[in-house]
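Visitor:
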Amino acid sequence: MNILPAIDLYEGKAVRLVKGDYKQMTVYSEHPEALGWEFRCAGVEYLHTVDLEGAKDGTTPNLETVEKLVSSSGLKVQVGGGIRSPEIVRRYLDAGVHRVIIGTAAVTDPKFLQDMVQTYGEKIAVGVDIRDGIAAIRGWQEQSALTCDALLHRLCDAGVQTVICTDISKDGMLAGPNVELYRHLSEKYPVRLIASGGITTLDDVRTLRDLDLYGAILGKALYTGAIDLAAAVLACRNAL
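Residue 106 is where the sequence shown starts when you use our numbering, and the numbers rise one by one after that.
1. By the three-class DSSP mapping on this structure, what secondary structure does Lys275 have?
2. Between the beta-carbon of Thr306 and the beta-carbon of Ala326, is there less than 9 Å?
3. Are the Cβ atoms of Tyr287 and Leu260 separated by less than 9 Å?
4. Could you check what DSSP says for Tyr115 in three-state terms: helix, strand or coil?
5. Nearest-angstrom Cα distance between Ile235 and Ala321?
6. If you drop the 5 nearest sequence neighbours on each side, which residues of the same chain put their C-beta closer than 7 Å to that of Cys250?
7. Apply the 10 Å Cβ neighbour rule to Lys275 and answer buried if 16 or more other Cβ atoms are within range, or exposed otherwise.
8. Given that a residue counts as buried once 16 or more other Cβ atoms are within 10 Å of its Cβ, and exposed if not, what is Ser178?
9. Which word fits Asp156, buried or exposed, when buried means at least 16 other C-beta atoms lie within 10 angstroms of its C-beta?
10. Where does Val132 land, buried or exposed, given buried means 16+ other C-beta within 10 angstroms?
11. Considering only DSSP beta bridges, list what Pro110 is partnered with.
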């Protein structure tokens with residue numbers, strides 16, 4: 106299983122929210138590119154980034170910061186947040202991003218998603234953000250009409266290969282991941298599943314690893330020191 110440290114971007118800074126609440130924001134670094142280099146030194150291959158401003162308004166205000174992360178870290182960077190047009194997808198890929206994560210548009214504009222998957226293949230991932238079993242959209246500010254399973258069926262039909270699934274109720278709470286959700290999805294759908302939200306301890310990492318997931322995103326637990334990144338990477342490698 107791949108470990109993906111997370112850098113959430115707001116005004117060019119690395120921040121963390123609690124349950125997606127922009128009013129509960131903590132700034133962890135004013136130099137995200139330095140964090141990217143630290144993460145690489147810990148042995149990871151991938152980096153997960155989200156433009157929190159873009160997630161709300163569908164723009165790319167942190168594109169320059171993402172470009173710096175790509176060039177300075179040498180990591181395979183995946184980025185999400187406000188990616189709702191072909192132009193934005195192309196802009197990120199031209200910047201050297203490894204995977205572009207479509208979130209809101211995967212729910213609201215299925216044709217756009219299908220077009221992007223047909224054009225870019227595995228370069229397109231989808232972020233499935235779940236609150237009480239329902240997919241949330243627009244930076245977690247709105248609920249859609251789609252259940253988690255209904256959305257996953259749609260994604261598989263569209264040919265999506267990689268899905269990042271976040272249980273919003275767990276995000277930033279340091280209370281453990283929704284293991285049953287990830288077990289259900291990994292057993293039912295033929296996608297590369299990346300778990301996100303609530304991963305707090307090395308035991309959480311090992312539990313998700315044993316589900317044979319493609320990846321797990323570590324956020325607040327890294328910044329608070331609850332999980333040592335190098336130890337998490339080693340735990341996954343030792344199981345191979």
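Each residue gets a CB set at the ideal place from its N, CA and C atoms; glycine is no exception. Please read all numbers here as calculations on a predicted model, not as lab measurements.
Guide: Answer, in terms of the structure:
1. It is coil, neither helix nor strand.
2. In contact: Thr306 and Ala326 (Cβ atoms closer than 9 Å).
3. With a cutoff of 9 Å on beta-carbon distance, Tyr287 and Leu260 are scored as not near each other.
4. DSSP places Tyr115 in strand when its eight states are reduced to three.
5. Straight across, the Cα-Cα distance linking Ile235 with Ala321 is about 16 Å.
6. The sequence as given places Ala at residue 250; Cys does not occur at that position. So no residue of the chain qualifies.
7. So Lys275 counts as buried.
8. Its Cβ being crowded by 16 or more others within 10 Å, Ser178 is buried.
9. Classification for Asp156: buried.
10. When all chains shown are included, Val132 counts as exposed.
11. Beta-bridge pairing links Pro110 to Leu323.
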